[in-house]
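Just so we're aligned, residue 1 is where the first sequence starts under UniProt numbering, counting upward by one.
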Amino acid sequence: MKNNEVLHIDIPQFQNDLISWYQDNKRDLPWRKDQDPYKVWVSEIMLQQTKVDTVIPYFNQFIKKFPSVQDLAKAEEQDVLKSWEGLGYYSRARNLQNAIREVMASYEGTIPANSADLGALKGVGPYTKGAILSIAYNQPEPAVDGNVMRVLSRILKIDEDIAKPRTKKLFEEIVRELISRADPSSFNQGMMELGAIVCTPKNPMCMLCPVQRHCHAFAEGIENELPVKSKGKKQKTVPYVALLIQNKQGKYLIEKRPDTGLLANLWQFPMISIAETGFNQIPDWFEKEYGINVRLKREAGRLKHVFSHLIWELEVHQAVSSDTKTNRKDAQFVSQNEMKAFPFPVSHQKMMQFL
DNA sequence: AACACGGGGTC
DNA sequence: GACCCAGTGTT
């Protein structure tokens, strides 16, 4: 589809309506106090697939702890993950620190202001690249997220499936023609703010919309039919037995997860896929894998934890061991107090309620 | 192009 | 429950 087939609006007037509204109505958010590229970057990573209200306290605490590129570069990864604990998508934190270290090594600590160098950094995809270039460096680059696709699909009456990668590219090309050269920062942020506040997924507040007069979906009364988005497939359920193993010193066994995949490098209580290892082989399994003896005491409780792509059903058991050490690297007995320094996924924080 | 990758809020 | 969120990396 050619862009000129869908761009049936007065572009200068649209830009002016949007930017005027944004400047009068923008929320007072912690990452909008200045245009520090580092803070813009951190905020954009945190905001990926995450609501503004969720991000605010994490952002404030993160910037206080790691105020600059230098501070984040020299931090321990475990400290960075601890600051990210509960926010989800933990590879964002690890990729961010990886990229920040690359900025120190290759760019003397200055965050690149060009598309090629910025986009080559870990965790900086098309959206984040455009957001940093437009918001921190005032360059007319597209920053197309879910908000922008929703808003533009309605304004321009585009019914392509926004779940398809190809559709995102279409919107990026459209934004290249639509974006204000005078104030790309306000244009991009205005589009996202509009999507978050007015042009919401359900029941958009068209009566309050600053660009209502440009909107083809509103004109036809089909704002609730757009955007078109195909459904993802539903999650698989996986049953586990998780163990709260206490030794004679009153300490509990915890372990570090592998450095790739789900919840990489976070800590957890040992858990066993019950589909692979039978319940009554658990003691033997621990003897072999951890070099410790384990005796199950009682079931402490059950909990279900839902991820975007799978569901854990955890049967939590209390257990005891007469050992104080394990032969497994990245596993150790710790007191409840010592435990607080380790980053845990929310699923295993829930388990601590049973301690 | 399809899938892995968290967690919380809303209706 | 189903959907959504200021998406990216891997396959």
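C-beta: ideal position from N, C-alpha, C; glycine also.
- In the structure shown, Val-238 adopts extended strand secondary structure according to DSSP, grouped into three states.
- For Val-103 and Gly-109, the gap between their C-alpha atoms comes out near 5 Å.
- Cβ-Cβ distances below 8 Å link Trp-31 to Lys-39, Val-40, Val-42, Ser-43, Phe-59 in the same chain, with the five nearest sequence neighbours on each side left out; the list follows chain order.
- Fully contained in the UniProt domain "HhH-GPD" (46 to 197) is no beta strand (DSSP E) run of length 3 or more.
- By the C-beta criterion, the region 222 to 231 is judged not to be in contact with the region 289 to 297, since fewer than 3 inter-stretch pairs fall below 8 Å.
- Residue pairing from DSSP places Trp-267 in a beta bridge opposite Lys-256.
- For Pro-258, the CB contacts under 7 Å within the same chain, skipping 5 residues up- and downstream, are Ala-264 in chain order.
- Taking a C-beta distance under 7 Å as the contact criterion, Ile-45 and Leu-96 qualify as a contact pair.
- When C-alpha distances from Val-6 are compared across Glu-313, Ile-174, Ile-311, Gln-336, the shortest belongs to Ile-174.
- Within the DSSP secondary-structure output, Gly-301 pairs in a beta bridge with Val-316.
- Leu-244 is the residue among Leu-244, Glu-313, Phe-344 whose C-alpha sits nearest the C-alpha of Ser-321.
- Excluding residues up to 5 positions away in sequence, Leu-178 lie with their Cβ nearer than 7 Å to the Cβ of Ile-11 in the same chain.
- Between Gln-268 and His-348, the CB-CB gap stays under 7 Å.
- Proximity to Leu-121 across Pro-140, Glu-76, Ala-136, Arg-101 peaks at Arg-101, based on C-alpha coordinates.
- When only Cα atoms are considered, Asn-16 and Lys-64 end up about 36 Å apart.
- Here the alpha carbons of Gly-250 and Pro-126 stand approximately 50 Å from one another.
- A straight-line Cα-Cα distance of about 14 Å links Gln-70 and Glu-77.
- For Ser-230, the three-state secondary structure derived from DSSP is coil.
- When DSSP states are grouped into helix, strand and coil, Val-6 belongs to the coil group.
- By the C-beta criterion, the region 339 to 355 is judged not to be in contact with the region 273 to 282, since fewer than 3 inter-stretch pairs fall below 8 Å.
- Counting along the chain, the unbroken beta strand (DSSP E) around Phe-333 starts and ends at 331 to 334.
- If you check the CB distance, Trp-21 and Pro-140 do not come in under 7 Å.
- Selection Ala-196, Leu-29, Phe-307, Ser-186 evaluated against Tyr-90 yields Phe-307 as nearest (Cα-Cα).
- By the criterion of a C-beta distance shorter than 6 Å, Met-191 is surrounded in its chain by Val-148, Val-151, once the five residues flanking it on both sides are discounted.
- Using a 10 angstroms sphere on the CB of Lys-340, the tally of other CB atoms stays under 16, which defines it as exposed.
- Rounded to the nearest angstrom, the gap between the Cα atoms of Ala-99 and Lys-248 is 44 Å.
- Taking Glu-85 as reference, the option from Ala-105, Gln-61, Ala-143, Ser-335 with the minimal CA-CA separation is Gln-61.
- Bridge partners of Ser-273 according to DSSP: Tyr-240.
- Around Gln-13, the same chain offers no residue with a beta carbon nearer than 7 Å, after the five sequence neighbours per side are excluded.
- Per DSSP, reduced to three states, the secondary structure at Arg-213 is helical.
- Cβ contact annotation for Met-205 (same chain, cutoff 6 Å, sequence separation greater than five): Val-198, in chain order.
- The beta carbons of Leu-253 and Thr-326 sit about 7 Å from each other, so the pair counts as a contact at 8 Å.
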